[in-house]
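Okay, so here's the structure we're looking at.
Rendered as structure tokens:
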């Protein structure tokens, strides 16, 4: 049996929380804040046109990234080992296209519901993602793949 690659005895990124849980909590907080006080910021025409378009784009990026990972037979889940670094498709544009899609979804919901709260929540989530998920994932990937990851 192979030994795990890190000192903690774990062969996966030691993230602070799982991003889908954060996304659901962020949506709930956004809708709660919107219910308390609308904080509208856009004309109705923009809401109708751009809200659904941004939400669809977010889902498109997510499914594109998931398909690239599935093609390489590597897991999307943060609590499982990474077998390969995906560098094509959306991963040629961003190291974290799924997280980009999550933040874009929050912005799209904010546009669609005409509530600036979702943008504020997205900013908070971007910091949480960076510190609690992306930094630990990057440490893990550098430890796991070395110079292949750094390139």
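Numbering (this note's numbering), first residue to last: -12 to 138. Beta carbons are placed, not taken as given, at the ideal position from N, Cα and C, and that holds for glycine.
Open item on the list: In the DSSP assignment, the alpha helix (DSSP H) including residue 81 goes from what residue to what residue?
Closed with: Neither: residue 81 is in no alpha helix (DSSP H) and is coded neither H nor E.
Task: Distance between residue 105 and residue 82 (C-alpha atoms, nearest Å) - done: 23 Å
Task: CB-CB length for residue 87 against residue 13, believed under 8 Å - done: At roughly 14 Å, the Cβ-Cβ gap does not stay under 8 Å, so residue 87 and residue 13 are not in contact.
Task: Exposure of residue 102, with buried meaning 16 or more beta-carbon neighbours within 10 Å - done: buried
- [ ] Decide if the region 92 to 100 is in contact with the region 26 to 43; the criterion is three or more beta carbon pairs, one per stretch, under 8 Å apart.
- [x] yes
Open item on the list: Check whether the region 113 to 133 and the region 0 to 20 are in contact - that is, three or more C-beta pairs closer than 8 Å.
Closed with: yes
Open item on the list: For a test of the three-state rule: what should DSSP assign to residue 38, helix, strand or coil?
Closed with: helix
- [ ] State the start and end residues of the unbroken alpha helix (DSSP H) segment that holds residue 71.
- [x] Note, residue 71: premise wrong, no alpha helix (DSSP H); not H, not E.
Task: Which of helix, strand or coil DSSP assigns to residue 113 - done: helix
- [ ] Please report the residue range of the alpha helix (DSSP H) in which residue 118 lies.
- [x] Looking at the DSSP string, residue 118 is not in any alpha helix (DSSP H), and its letter there is neither H nor E.
Task: Three CB pairs or more closer than 8 Å across the region 65 to 84 and the region 14 to 30 - done: Inter-segment contact for the region 65 to 84 and the region 14 to 30 is absent: fewer than three beta-carbon pairs are separated by less than 8 Å.
Open item on the list: Quick check on residue 135 - is its C-beta less than 9 Å from some C-beta in chain D?
Closed with: This model lacks chain D altogether, as it is built from one protein chain only.
Open item on the list: By the three-class DSSP mapping on this structure, what secondary structure does residue 28 have?
Closed with: coil
Task: Nearest-angstrom Cα separation, counted from residue 89 out to residue 27 - done: So the two alpha carbons sit approximately 21 Å from each other.
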